[in-house]
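See below for the structure under consideration.
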Amino acid sequence: MTTTAPETAKTQSANGSHAQAEPLLSLRNLRTWFELRRWGFGRAGTVRAVDDVSFDLHAGEAIAIVGESGCGKSTLMKTILGLHMPTEGSVIFEGRDLSTLDAKEMQWFRSQVGYVQQDPFGALPPFMDIRRILGEPLKIHGNMDESQRQDRIREVMEEVRLTPVDDLLPRFPHMLSGGQQQRVVIARAMLLHPRMIVADEPVSMLDMSVRVEVLRLLQGLQKTHNLAVVYITHDLSTVRYFSERIFVMYAGEIVEQSRMDDLLRNPLHPYTRALI
Numbered sequence: 001m002t003t004t005a006p007e008t009a010k011t012q013s014a015n016g017s018h019a020q021a022e023p024l025l026s027l028r029n030l031r032t033w034f035e036l037r038r039w040g041f042g043r044a045g046t047v048r049a050v051d052d053v054s055f056d057l058h059a060g061e062a063i064a065i066v067g068e069s070g071c072g073k074s075t076l077m078k079t080i081l082g083l084h085m086p087t088e089g090s091v092i093f094e095g096r097d098l099s100t101l102d103a104k105e106m107q108w109f110r111s112q113v114g115y116v117q118q119d120p121f122g123a124l125p126p127f128m129d130i131r132r133i134l135g136e137p138l139k140i141h142g143n144m145d146e147s148q149r150q151d152r153i154r155e156v157m158e159e160v161r162l163t164p165v166d167d168l169l170p171r172f173p174h175m176l177s178g179g180q181q182q183r184v185v186i187a188r189a190m191l192l193h194p195r196m197i198v199a200d201e202p203v204s205m206l207d208m209s210v211r212v213e214v215l216r217l218l219q220g221l222q223k224t225h226n227l228a229v230v231y232i233t234h235d236l237s238t239v240r241y242f243s244e245r246i247f248v249m250y251a252g253e254i255v256e257q258s259r260m261d262d263l264l265r266n267p268l269h270p271y272t273r274a275l276i
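If you want it as C-alpha cells, here you go:
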C-alpha cells in the first residue's frame, strides 16, 4: 500500500499548472515481472521487480525514484526507457503507448528521451574520441549535414561546460576526468533536444568535489529546456537539488510519495524513515 502525504502526486504536482496540462509521461498500473528458471522438479518462482506502479510526469517537472539496491528502481527505469516490456500496464509518452510503437516510432521515442548512465566511463565507447561519440547520435537521428552536426556538438559541449572545446574533441574517454566523462554523457543525452531525461544515479560514481557541480548542471538544463526529469537514486541527500516530488520504492512497489520538503520533514512509511 502506498503511503501518501497531504499534497501528493496522485492529487496534484508541485506546480499547480501541471494539474491542468496533459502529462508527458504516464505509467498506468505498471508491472514488470520475471519468471525464475526451474531446476529439476523445483517450482519456478516470479520476481515482481515492478508491481502496480502508476504516476504522471509533466513537461518541466522533476521527480525522484528513491530506494536501496534491489528495490526495483532500475527495472522501473528500464521499463520507462523501453528496454523492458511490461508484464501488465502501460508506459504512455505523449499519448502513445510504448507497447504499440513500431521500429520507426520507437526510434522517435528514443530521440525524445535522453539517458544519463550511472557509470560514465562504462557508458562511453573507449575506442571513440569525443567528436565521434557525440556525432554518432546526430548521424542516426538527426537530419543534419556535417557542418550542422559539428555546430551542434560545439553548442552542447559549451552548454555542459566541456571547454575548451577544440582541446577536448580529439580526446578519448580515458583521457578525461570522471566529471568530464559524465558531462560527455549528459551532452550526448541533450544532443537531440529531448523532452525528458532519465538520470540513473548520475553522481554516485563521482568524487564528492564534483557531485554538486553535476547536479547543478542537470538542474540548470532542466529549467532552461523545460525538461521532464526522472532521477533514480539511493541517496536522499542529492534529491533536494532539483526533484519536486519523491517516490520511495520498496520491493517493487511505491510505498510513499510526496513533495520533497514534506517527505523529508515528515516521512510516513517506516522504510522511508530508515532511508533518511
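Each residue of the sequence shown is one higher than the one before, starting from 1 at the first, in the working numbering.
Cβ atoms here follow ideal geometry from the backbone N, Cα and C, with glycine treated the same way.
Asked                                                                                                                                                                                               : Found
Can you give the Cα-Cα distance for E94 and I80, rounded to whole angstroms?                                                                                                                        : 13 Å
So what does Y241 bridge to, in DSSP terms?                                                                                                                                                         : Paired residue(s): none; Y241 is not in a bridge.
For F242 and G114, what's the separation of their Cα atoms in angstroms?                                                                                                                            : 17 Å
Whose C-beta lies closer than 6 Å to the C-beta of P120 among residues of the same chain, with five residues either side of it excluded?                                                            : Q181, Q182, V185
Whether or not the segment 123-134 and the segment 172-179 are in contact is what I'm after, with contact meaning three or more pairs of Cβ atoms, one per stretch, closer than 8 Å; do they touch? : yes
By the 10 Å Cβ neighbour count, where 16 or more other Cβ atoms means buried, how is E155 classified, buried or exposed?                                                                            : exposed
Could you check what DSSP says for Q117 in three-state terms: helix, strand or coil?                                                                                                                : coil
Assess, as a yes-or-no matter, whether the segment 22-33 is touched by the segment 58-76 under the definition of 3 or more beta carbon pairs within less than 8 Å.                                  : yes
Just checking my contact of G89 with N29 at CB under 8 Å: how many whole Å lie between their CB atoms?                                                                                              : 4 Å
Would you mind stating whether G82 and F109 have Cβ atoms separated by less than 8 Å?                                                                                                               : yes
What is the C-beta distance between P202 and Q118, in whole angstroms, given that I count them as a contact (C-beta under 8 Å)?                                                                     : 7 Å
The alpha helix (DSSP H) with E68 in it runs from where to where?                                                                                                                                   : Element bounds for E68: n/a, residue is neither H nor E.
Comparing C-alpha positions only, which one of D51, G179, E105 sits nearest to V255?                                                                                                                : D51
Might you give, ordered along the chain, the residues of its own chain that have their beta carbon closer than 8 Å to the beta carbon of R216, omitting 5 neighbours on each side?                  : Y241
Quick check: G178 and E213, are their CB atoms within less than 8 Å of each other?                                                                                                                  : no
Ends of the beta strand (DSSP E) at A59?                                                                                                                                                            : Note, A59: premise wrong, no beta strand (DSSP E); not H, not E.
Are I65 and V229 closer than 8 Å when you measure CB to CB?                                                                                                                                         : no
Pull up the distance between the alpha-carbon of L218 and that of E68, whole angstroms please.                                                                                                      : 22 Å
Have a look at A103 and P270 and give me their C-alpha separation to the nearest angstrom.                                                                                                          : 43 Å
Just to confirm my understanding: we take A9, look at its own chain, exclude 5 residues before and 5 after, and list those with CB closer than 6 Å. What are they?                                  : For A9, the pLDDT reaches just 37, beneath the cut-off of 50, and the residue's location in the model is therefore unreliable, leaving the point undetermined.
S177 lies in the beta strand (DSSP E); which residues open and close that run?                                                                                                                      : Per DSSP, S177 belongs to no beta strand (DSSP E) and is neither H nor E.
Could you check if L36 is buried or exposed, using at least 16 other CB atoms within 10 Å of its CB as the buried criterion?                                                                        : exposed
Assuming S204 is part of the alpha helix (DSSP H), what are its boundary residues?                                                                                                                  : Taken as a continuous stretch (DSSP letters only), S204 belongs to no alpha helix (DSSP H), as it is neither H nor E.
Using the C-alpha atoms, what's the distance from D167 back to R96?                                                                                                                                 : 42 Å
Taking the CB atoms as reference points, tell me whether L191 and P137 lie closer together than 8 Å.                                                                                                : yes
If you draw a straight line from the alpha carbon of R259 to that of Q222, how long is it in whole angstroms?                                                                                       : 18 Å
I92 bridges to which residues according to DSSP?                                                                                                                                                    : S26, D97
Along the chain, where does the beta strand (DSSP E) containing R259 start, and where does it finish?                                                                                               : 253-259
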